[in-house]
Amino acid sequence: MILHAAHMPGLRADLPCVVWLHGFLGSQQEWAPFYDSFTQWPQLAVDLPGHGGSAEISAEGFAAVDDLLRKTLVSYNILNYWLVGYSLGGRVAMYHACQAENTGLRGLIVEGGNPGLADPEARNARLASDQLWAQRFRDRPVAEVLEAWYLQPVFRSLTDVQRAALVELRSHNNPATLADMLESTSLGVQPDLHTPLHKLHVPFHYICGERDEKFRAAAAGLGLSPHLIPAAGHNAHRENPAAFRACLLTLLRQHIEVSP
218 MILHAAHMPG LRADLPCVVW LHGFLGSQQE WAPFYDSFTQ WPQLAVDLPG
268 HGGSAEISAE GFAAVDDLLR KTLVSYNILN YWLVGYSLGG RVAMYHACQA
318 ENTGLRGLIV EGGNPGLADP EARNARLASD QLWAQRFRDR PVAEVLEAWY
368 LQPVFRSLTD VQRAALVELR SHNNPATLAD MLESTSLGVQ PDLHTPLHKL
418 HVPFHYICGE RDEKFRAAAA GLGLSPHLIP AAGHNAHREN PAAFRACLLT
468 LLRQHIEVSP
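Heads up: the sequence shown begins at 218 in my numbering, then just goes up one per residue.
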């Protein structure tokens with residue numbers, strides 16, 4: 218079994234593939250506004266389990282998600298790649314990067330992803346919170362749950378109009394499969410990746426909105442200076458796509474010789 222994905226050959230086959238990993242509630246379409254800016258690179262936009270075209274695929278835990286991702290990369294003969302992940306996708310990307318058998322990984326770019334919780338009490342509290350949210354997704358109308366979801370502090374930078382647009386967009390998801398994915402990839406069950414991330418042998422860049430204090434702190438905890446997206450909060454690529462696009466192009470061009 219492999220994950221549903223959109224594959225776009227690049228103008229230069231010698232460049233590593235840019236593999237896009239969306240956040241919770243998203244899909245490969247989250248990245249569609251950016252595809253045309255990265256046409257020199259091959260690209261693969263993946264639907265994570267429980268989302269988009271992979272809505273009927275389940276995965277129990279990060280190891281299972283990583284296994285599906287690896288099989289998907291192999292199925293498209295992607296042997297050299299950069300991972301670009303937002304939020305949940307960033308956590309999946311970091312987990313993947315920390316595994317031993319990553320001969321094809323060339324670099325890692327994470328937008329607003331949590332590297333993990335070291336404190337057992339914090340992990341237990343997060344798992345309990347995610348289990349409550351999962352039950353809400355199973356029991357309540359999805360639009361009602363999403364209204365509450367986007368009122369969480371991490372999304373405080375959203376305007377009412379932006380929040381309403383996200384609720385409308387995400388209401389087409391299957392709430393049952395979202396609930397399963399939320400529990401199986403909860404931050405409460407994610408390994409603490411701080412130590413292995415410090416040992417990476419590939420470039421690691423961290424992007425976050427300048428208003429996203431929580432994830433600016435997460436980057437600092439990794440010893441990284443985050444690349445800040447102005448006038449943006451947690452969902453920086455959606456709140457300021459032009460600045461996000463420019464930042465991402467700059468980062469990739471630092472490591473890969475491409476024409477302007």
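Cβ coordinates follow ideal geometry from the N, Cα and C atoms, glycine included.
Candidates H451, L441 and H422: closest to E430 by CA position: H451
Any chance the segment 308-316 sits against the segment 400-415, with 3 or more Cβ pairs inside 8 Å? yes
Cutting at 7 Å between CB atoms, please list the residues of its own chain near Y252, excluding the five before and the five after it. M225 and Q260
Leaving out five residues on either side along the sequence, give the residues of the same chain with a beta carbon under 6 Å from the beta carbon of S374. R428 and G450
Pull the bridge partners of R298 from the DSSP assignment, please. Note that residue 298 is Tyr in the sequence shown, not Arg. Bridge partners of Y298: C234 and L322.
Kindly list the residues whose CB is nearer than 7 Å to the CB of N391, restricted to its own chain and excluding five residues on each side of it in sequence; keep chain order. A272
Please confirm whether any heavy atom of the ligand NAD lies closer than 8 Å to the CB of A393. As for the ligand NAD, it is missing from this structure, which has no ligand bound.
Under three-state DSSP, which class holds S476? Reliability of the predicted coordinates at S476 is poor, the pLDDT of 44 falling under 50, and the value obtained from them is presented with this limitation in mind. DSSP places S476 in coil when its eight states are reduced to three.
Which same chain residues end up closer than 7 Å to R433 when comparing Cβ atoms and leaving out the 5 residues on each side of it in sequence? C425 and P443
Going along the chain, which residues of its own chain have a beta-carbon closer than 7 Å to the beta-carbon of P477, five neighbours each way excluded? Interpretation of P477 is limited by its pLDDT of 44, a score under 50 that renders its predicted location unreliable; no figure is taken from the coordinates.
Considering Cα atoms alone, identify which of L469, A460, A459 and T402 is closest to V282. It is T402.
Could you tell me the distance, in whole angstroms, from the CA atom of N297 to the CA atom of L322? 6 Å
According to DSSP, simplified to helix, strand and coil, what is L261? strand
Give the range of the alpha helix (DSSP H) segment to which Y312 is assigned. Element bounds for Y312: L305 to A314.
By alpha-carbon positions, which one of A222, I326, G405 and Q245 ends up nearest to L417? Checking every option, the nearest Cα to that of L417 belongs to I326.
Could you give the C-beta distance for S244 and D264, rounded to a whole number, given that I count them as a contact under 8 Å? D264 and S244 do touch by the CB rule: their CB atoms are close to 5 Å apart, below 8 Å.
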